[in-house]
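Chain order of the listed sequences is A and B. Counting in this note's numbering, the first sequence runs from 1 upward without gaps. Counting in this note's numbering, the second sequence runs from 124 upward without gaps. Each remark here refers to the structure printed beneath this line.
2 protein chains.
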Amino acid sequence: MSEHTDTSKHRDGGERPDLRDLAFNSEGLIPAIVQEDSTGEVLMMAWMNRESLEKTLLSGCTHFWSRSRARLWQKGEESGNTQVVRSIAYDCDGDTLLIKVQQEGEGVACHTGERSCFFRSLT
Amino acid sequence: MSEHTDTSKHRDGGERPDLRDLAFNSEGLIPAIVQEDSTGEVLMMAWMNRESLEKTLLSGCTHFWSRSRARLWQKGEESGNTQVVRSIAYDCDGDTLLIKVQQEGEGVACHTGERSCFFRSLT
């Protein structure tokens, strides 16, 4: 039985989403844009491998792959600033994810203490 | 005179923005998230090299680097669906851009005719 016919249940009782439309890069990674669902503010961009995406889908909280630390991490695992997933979309090329979340904890996504990682302007 | 002391003027008459805080990857690229300024809708994600970012800053319209075609392109150069830049921010690691735009033309960012490239749901 291939992974694509795996009948493991998602936490909401539905079938596991089909990841075949996704194009992971040569390192097995896909960029994930994280957006605050209620305000539309873009909070951060991080990378996922298949395992972190599956953990995100199963747990309902964002998990990423740290390229610098070479390990899986749950957003907020130390700070408490976890992210509850509201929806996950993917783009026309299947090579980028857009994850809408409810930012928990102090409402802070960035490790600097800023709400969004995009707090510096180039223009 | 290094490029960082270049006094070339930006189109609004100000100094050219300093790109030293940006971390282009090993291919000389940086991902750019494009967001509709008025609604917060994330429209697309594409890649920029230094030249496309400079063209974007100088022209005020988004330019990207196509990895598949290995060439610079202006968003909407064929379709007319250009993007007027409202602001450009960069993240805490300096390795991702967030570009807020006014989507011109038919208000469509995706080559499929959808407004946003993120029209398919995984969840």
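The beta carbon of each residue, even a glycine, is placed where N, CA and C say it ideally should be.
Open item on the list: Starting from Leu58 of chain A, trace the alpha helix (DSSP H) in both directions and tell me its first and last residue.
Closed with: Per DSSP, Leu58 of chain A belongs to the alpha helix (DSSP H) from 50-59.
Open item on the list: Quick check on Val108 of chain A: does DSSP put it in helix, strand or coil?
Closed with: Looking at Val108 of chain A - three-state DSSP - the assignment turns out to be coil, as it is neither helix nor strand.
- [ ] Could you name the residues that DSSP lists as bridge partners for Glu164 of chain B?
- [x] In DSSP, Glu164 of chain B forms no bridge with anything.
Task: Interface residues of the region 146-162 of chain B facing chain A [CB-CB below 8 Å] - done: For the region 146-162 of chain B, the set of positions with a beta-carbon nearer than 8 Å to some beta-carbon of chain A reads Pro154, Ile156, Gln158, Thr162 in chain order.
Open item on the list: I'd like to know if Arg194 of chain B contacts chain D, where contact means its C-beta is closer than 9 Å to some C-beta of that chain.
Closed with: Considering every chain present, this structure includes no chain D. Its protein chains are A and B.
Task: Per-residue burial, Ser121 of chain A [other beta carbons within 10 Å of its own, 16 or more giving buried] - done: Result: exposed.
TODO: Helix, strand or coil for Pro31 of chain A, going by three-state DSSP, please let me know.
DONE: If DSSP states are grouped into helix, strand and coil, Pro31 of chain A belongs with the strands.
Task: Cutoff 8 Å; reference Glu237 of chain B; Cβ partners in own chain excluding five residues on either side - done: These residues qualify, in order along the chain: Val231.
Task: Every unbroken alpha helix (DSSP H) within the region 188-213 of chain B, with a cutoff of 4 residues, ordered by chain - done: Counting whole runs of 4 or more residues, the region 188-213 of chain B contains no alpha helix (DSSP H) stretch at all.
TODO: Could you tell me whether the Cβ of Arg115 of chain A comes closer than 9 Å to any Cβ of chain B?
DONE: False, the Cβ-Cβ gap to chain B never drops below 9 Å.
TODO: Tell me whether Ala46 of chain A is buried or exposed, calling it buried when 16 or more other Cβ atoms sit within 10 Å of its Cβ.
DONE: The Cβ neighbour count for Ala46 of chain A, taken over all protein chains shown within 10 Å, is at least 16; the residue is labelled buried.
Task: Beta-carbon neighbours of Thr219 of chain B, restricted to chain A and to distances below 7 Å - done: Chain-ordered, the chain A residues with CB closer than 7 Å to the CB of Thr219 of chain B read Met45.
Open item on the list: Suppose the cutoff is 7 Å on Cβ atoms and the five residues either side in sequence are ignored; what does the same chain contact list for Leu145 of chain B look like?
Closed with: Closer than 7 Å at the Cβ level, and outside the excluded window around Leu145 of chain B, lie Ile153, Tyr213, Gly217.
TODO: Count the C-beta pairs between the region 31-40 of chain A and the region 98-108 of chain A that are closer than 8 Å, then say yes if the count reaches three, no if not.
DONE: Touching, yes, given that three or more Cβ pairs across the two stretches are closer than 8 Å.
- [ ] Count the C-beta pairs between the region 198-210 of chain B and the region 173-190 of chain B that are closer than 8 Å, then say yes if the count reaches three, no if not.
- [x] Output reads yes: the region 173-190 of chain B touches the region 198-210 of chain B.
TODO: Spell out the partners DSSP gives Leu220 of chain B in its beta bridges.
DONE: Answer is B:Ala155, B:Tyr213.
Open item on the list: Contact criterion: CB-CB distance below 9 Å. Does Cys61 of chain A meet it with respect to chain B?
Closed with: Using a CB distance cut-off of 9 Å, Cys61 of chain A does not count as an interface residue toward chain B.
TODO: Output, in chain order, the set of chain B residues within a Cβ distance shorter than 9 Å of Ser66 of chain A.
DONE: Going along chain B, no residue has its Cβ under 9 Å from Ser66 of chain A, so there is no contact; the nearest lies around 11 Å.
Task: chain B within 9 Å of Thr82 of chain A, Cβ atoms only - done: For Thr82 of chain A, the nearest beta carbon of chain B is not closer than 9 Å to its own beta carbon.
Task: Buried or exposed by the 16-neighbour rule on C-beta atoms within 10 Å, applied to Gly136 of chain B - done: Here the model assigns Gly136 of chain B a pLDDT of 48, short of 50, so the residue's position is not dependable and the matter cannot be decided.
Open item on the list: Taking its Cβ as the centre, do 16 or more other Cβ atoms sit within 10 Å of Gly28 of chain A, making it buried, or is it exposed?
Closed with: Exposed is the call here.
TODO: Check Ser244 of chain B in the structure and name its three-state DSSP category.
DONE: Ser244 of chain B: strand per DSSP, three-state reduction.
Task: Assigned secondary structure, Ala23 of chain A (DSSP; H/G/I helix, E/B strand, else coil) - done: The answer is coil: DSSP assigns Ala23 of chain A none of H, G, I, E or B.
Open item on the list: Can you give me the C-alpha to C-alpha distance between Arg125 of chain A and Leu142 of chain B, rounded to a whole angstrom?
Closed with: Chain A is shown only over 1 to 123; residue 125 of chain A falls outside these bounds and no answer can be derived.
TODO: State the Cα-Cα distance for the pair Thr56 of chain A and Lys75 of chain A, rounded to the nearest angstrom.
DONE: Thr56 of chain A and Lys75 of chain A: Cα-Cα distance of roughly 10 Å.
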